[in-house]
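Sequence lines, in order, name chains B and G.
In terms of the numbering used here, the first sequence is residues 1 to 563.
In terms of the numbering used here, the second sequence is residues 564 to 639.
All residues carry an ideal CB built from backbone N, CA and C; glycine is no exception.
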Amino acid sequence: MPLITDWLTDPIDGRGVHLADGPDGGWRYTSYSQLASSALRIAAALRARGVTADDVVCVGIPASHTCLAVLFGAWACGATVSILPPPTPFQPEAQYTAHTAAILRQAAPVVVVTSPELAGPVRRAAVEAGLPDVLWTPRPAEEPGTLQPPGTTALLQFTSGSTGVPRAVRVTWSNIDANLGFIQRRVEWSDHDGCASWLPLHHDMGLIGCLLASVARQTNLWLMRPDQFIRDPARWLALFAPGQATLSAASSFAFEYAVRRVPQARLATLDLSGMRSTVVGAEMVDATVLDRFARHAEPAGFTPRGFTPAYGLAEHTLAVSFAAHDEAPRMTRVDWSGLSFGAPAPVLGAGRLGDVPLEETGWLVGHGYPPESEGVHIRILDDAGEPLPVGHVGEIAVSSPSVAAGYRGADHEGSTRFVGRELRTGDAGFVHDGELYVLGRMGDSLKLRGRNVFVEDLDVRVAEATGLPKSGVAAVSMVHSGGQGVALFAEAKDLDWVPRARRLLREELGPEPQITIIVGRRGLVARTSSGKPRRRFLWQQLRAGSLTDVTIDPDLAPAGTAT
Amino acid sequence: MPAVTFEQVAEHIRATVPVRVAELTPETTIRDLALDSMLLVEMVVDLQEEFDVMLSQAELSRINTLGELVEALRSQ
Chain B
1 MPLITDWLTD PIDGRGVHLA DGPDGGWRYT SYSQLASSAL RIAAALRARG
51 VTADDVVCVG IPASHTCLAV LFGAWACGAT VSILPPPTPF QPEAQYTAHT
101 AAILRQAAPV VVVTSPELAG PVRRAAVEAG LPDVLWTPRP AEEPGTLQPP
151 GTTALLQFTS GSTGVPRAVR VTWSNIDANL GFIQRRVEWS DHDGCASWLP
201 LHHDMGLIGC LLASVARQTN LWLMRPDQFI RDPARWLALF APGQATLSAA
251 SSFAFEYAVR RVPQARLATL DLSGMRSTVV GAEMVDATVL DRFARHAEPA
301 GFTPRGFTPA YGLAEHTLAV SFAAHDEAPR MTRVDWSGLS FGAPAPVLGA
351 GRLGDVPLEE TGWLVGHGYP PESEGVHIRI LDDAGEPLPV GHVGEIAVSS
401 PSVAAGYRGA DHEGSTRFVG RELRTGDAGF VHDGELYVLG RMGDSLKLRG
451 RNVFVEDLDV RVAEATGLPK SGVAAVSMVH SGGQGVALFA EAKDLDWVPR
501 ARRLLREELG PEPQITIIVG RRGLVARTSS GKPRRRFLWQ QLRAGSLTDV
551 TIDPDLAPAG TAT
Chain G
564 MPAVTFEQVA EHIRATVPVR VAELTPETTI RDLALDSMLL VEMVVDLQEE
614 FDVMLSQAEL SRINTLGELV EALRSQ
């Protein structure tokens with residue numbers, strides 16, 4: 001089996017990684033030979049600390065030469081890597097420390113590698129987790145180490161969730177091999193391609209889709225940190241001039257942001273004609289955002305063929321399905337008011353991005369469909385787990401060599417779950433005209449900018465903030481034609497607490513998702529015999545308008561206006 | 564350079580990121596702004612450029628209100 005470490009003993013000449021942290025805001029180039037040498041010397045140092053196959057090495061270092069050397073050094077030991085997310089701006093240190101400590105308790109690392117930028121808070125987290133002795137500041141050994149045979153698990157990929165016990169997906173070495181091969185065949189990744197990424201390395205699309213795909217394939221990579229992209233999104237776009245980067249991956253957010261922050265006059269000085277395929281995923285792909293960017297960037301030589309919408313999730317290593325990389329994305333328009341789980345999707349129209357005006361709402365972007373030869377089998381299932389006819393809306397289930405080995409950590413009551421060797425994604429979708437369409441999370445979580453928000457966490461927080469009993473509240477995630485939202489169902493006699501609940505949900509979710517609060521009497525929050533809220537049932541009731549005797553407090557103010 | 568005023572900061576925040584609060588005051592908390600992490604990065608980057616200062620993660624982690632944010636921008 002090809003491994004992500006194979007190149008370390010035979011790095012290719014003349015290619016490498018361009019890091020965005022060079023002097024004077026420029027690029028710093030590290031050849032694959034230099035990176036291999038650093039990684040093998042880190043591997044020797046890690047071996048001297050006793051690191052061996054399947055030991056967990058946690059890495060909390062911003063994207064840099066050192067960070068990459070540590071990642072591949074740990075993999076060269078056959079170890080399992082887990083990347084610690086950095087703190088977000090304004091995040092109180094106590095909160096970051098507590099969350100990181102919870103991750104460390106789950107990961108049980110033998111070594112936690114940090115650099116000066118994060119050493120303070122990560123050290124406090126390690127102490128809080130009872131692991132004060134595993135901290136290590138990377139120091140390469142004098143002599144390079146030798147490649148060790150891998151263990152079973154290559155990566156512990158933590159999924160978000162701000163309260164409770166964090167949960168990690170166990171991604172095996174063979175999962176990564178399978179998914180990288182799949183990605184590279186779908187976008188026809190060649191030796192001459194180069195990838196430009198600003199996605200964080202603690203995120204699966206940044207780590208696997210951009211970093212590992214490039215390094216394992218030994219093709220050029222331009223690597224920025226998210227804050228560098230935010231500071232200057234045109235710097236990312238400038239990489240697609242002919243002769244540089246040809247591939248990338250990003251969420252719809254990147255394109256929305258670029259339209260907002262890169263004026264057309266600046267864009268006109270760029271040449272995006274080298275962009276062969278940017279995989280768009282990590283959250284619901286927003287057709288209107290892609291359309292706006294394509295029009296905005298047209299003077300720079302961009303066409304909608306540059307977009308490759310894709311569907312994936314960490315539990316499937318990364319990618320599940322890609323649209324064709326060499327054509328403008330296909331779309332269908334659905335009647336959102338008529339969407340119902342288990343019923344045929346009410347398709348109203350079809351078109352290609354760029355060819356049809358998008359004044360009407362309800363356009364969905366197609367995600368292609370994996371060809372038979374890839375061994376990625378998709379089924380659309382009803383509530384009972386039985387397959388539905390083609391065109392019906394149901395839960396997307398996948399079986400393939402990329403299905404991860406399972407979770408590490410407490411059993412989350414999440415709707416993404418492993419059933420035998422099949423992954424039940426917890427995402428609703430349907431297949432139309434040979435393409436997979438994804439409607440997103442229904443019920444128990446939302447995906448915002450690639451971050452999973454578990455509504456179970458919201459229940460706990462709302463109960464704390466309002467004083468309502470936890471048994472009387474349930475948040476339900478929704479998708480609608482304008483995006484994502486949350487409906488909070490609460491059993492209460494008065495409405496005094498509603499502003500507090502709304503404020504808390506807004507803090508947790510950010511400005512975009514729609515928030516609806518439904519207040520009723522006891523019994524409103526339907527529960528299973530074991531006491532779990534029946535979120536999909538609540539979702540269906542609200543959607544069908546069959547709730548009686550309730551007060552609905554709708555979300556009236558769109559982001560940007562005063563409430 | 565003249566001292567940074569609260570009004571300048573508030574106006575700049577309003578102009579750059581979608582804020583759902585009617586009135587920004589020195590007591591408004593960062594959490595009240597209800598911005599996700601990408602938008603918070605955007606806000607910090609904008610403020611740093613506008614007022615020509617650099618704030619470290621450690622400094623940011625101690626800031627709760629807009630008044631404190633203005634103080635931090637002023638103190639450099």
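When Cβ-Cβ separations below 8 angstroms define contact, Ile230 of chain B makes contact with chain G. Cβ neighbours of His65 of chain B within its own chain (closer than 6 angstroms, five residues either side excluded): Thr30. Under the 8 angstroms criterion on CB atoms, Arg506 of chain B is classed as interfacial with respect to chain G. Under the Cβ distance rule, Glu93 of chain B counts among the residues neighbouring chain G, one pair being separated by less than 8 angstroms. Against Met617 of chain G, chain B offers no close residue; the least beta-carbon distance is about 12 angstroms (beta-carbon pairs closer than 8 angstroms).
Between the segment 566-575 of chain G and the segment 532-540 of chain B there are fewer than three C-beta pairs closer than 8 angstroms, too few to call the two in contact. Following the DSSP letters along the chain, one finds Phe569 of chain G inside the alpha helix (DSSP H) bounded by residues Phe569 to Thr579.
Residues of the segment 489-523 of chain B that bring their beta carbon within less than 7 angstroms of a beta carbon in chain G comprise Arg506, Glu507, Gly510 and Pro511, in sequence order. In this structure, the beta-carbon distance from Val215 of chain B to Ser252 of chain B does not fall below 8 angstroms. Nearest CB-CB separation between Pro370 of chain B and chain G: not below the 8 angstroms threshold. With a threshold of 8 angstroms between beta carbons, Thr466 of chain B makes no contact with chain G. For Thr278 of chain B, no CB of chain G lies under 8 angstroms from its own CB, so it is not counted at the interface with that chain. Apart from the 5 residues on each side of it in sequence, Arg305 of chain B sits with its Cβ closer than 8 angstroms to the Cβ of Asp326, Glu327 and Ala328 in its chain, given in chain order. The distance from the Cβ of Pro200 of chain B to that of Pro226 of chain B is about 5 angstroms, consistent with a contact at the 8 angstroms cut-off.
Per the DSSP secondary-structure output, His392 of chain B pairs in a beta bridge with B:Pro344. Close to chain G, meaning a Cβ-Cβ distance shorter than 7 angstroms, is no residue of the segment 335-353 of chain B at all. CA-to-CA, the gap between Leu547 of chain B and Arg527 of chain B works out to about 16 angstroms. Between Gln244 of chain B and Gly274 of chain B, the CB-CB gap stays under 8 angstroms. As for any alpha helix (DSSP H) of minimum length 4 sitting wholly inside the segment 285-311 of chain B, the runs are 287-296, ordered along the chain.
Gly73 of chain B: member of the alpha helix (DSSP H) spanning His65 to Ala76, first to last residue. Listed in chain order, the beta strand (DSSP E) elements of length 3 or more contained wholly in the segment 206-294 of chain B are 220-223, 247-250 and 277-280. The C-beta of Pro23 of chain B comes no closer than 8 angstroms to any C-beta of chain G.
By the neighbour-count criterion, in which a residue is buried when 16 or more other Cβ atoms sit within 10 angstroms of its Cβ, Ser277 of chain B is buried. Against chain B, the CB of Ala597 of chain G has a partner CB under 8 angstroms away; the residue lies at that interface. Under a criterion of Cβ atoms nearer than 7 angstroms, the residues of chain G adjacent to Thr88 of chain B are, in order, Ser600 and Leu603.
DSSP places Val81 of chain B within a strand segment (E or B) once states are collapsed to three. Judged by DSSP secondary structure, Val165 of chain B falls outside any beta strand (DSSP E); it is assigned neither H nor E. DSSP places Thr30 of chain B within a strand segment (E or B) once states are collapsed to three. Collapsing the DSSP output to three states places His316 of chain B in a helix. DSSP places Met606 of chain G within a helical segment (H, G or I) once states are collapsed to three. By the 16-neighbour rule on beta-carbons within 10 angstroms, Met617 of chain G is exposed. Under the 8 angstroms Cβ criterion, the segment 124-131 of chain B does not count as touching the segment 31-38 of chain B, having fewer than three qualifying pairs. The beta carbon of Phe430 of chain B sits no closer than 8 angstroms to any beta carbon of chain G. Bounds of the beta strand (DSSP E) holding Val519 of chain B are Gln514 to Gly520. Contact between the segment 168-182 of chain B and the segment 141-154 of chain B is established, with three or more Cβ pairs separated by less than 8 angstroms.
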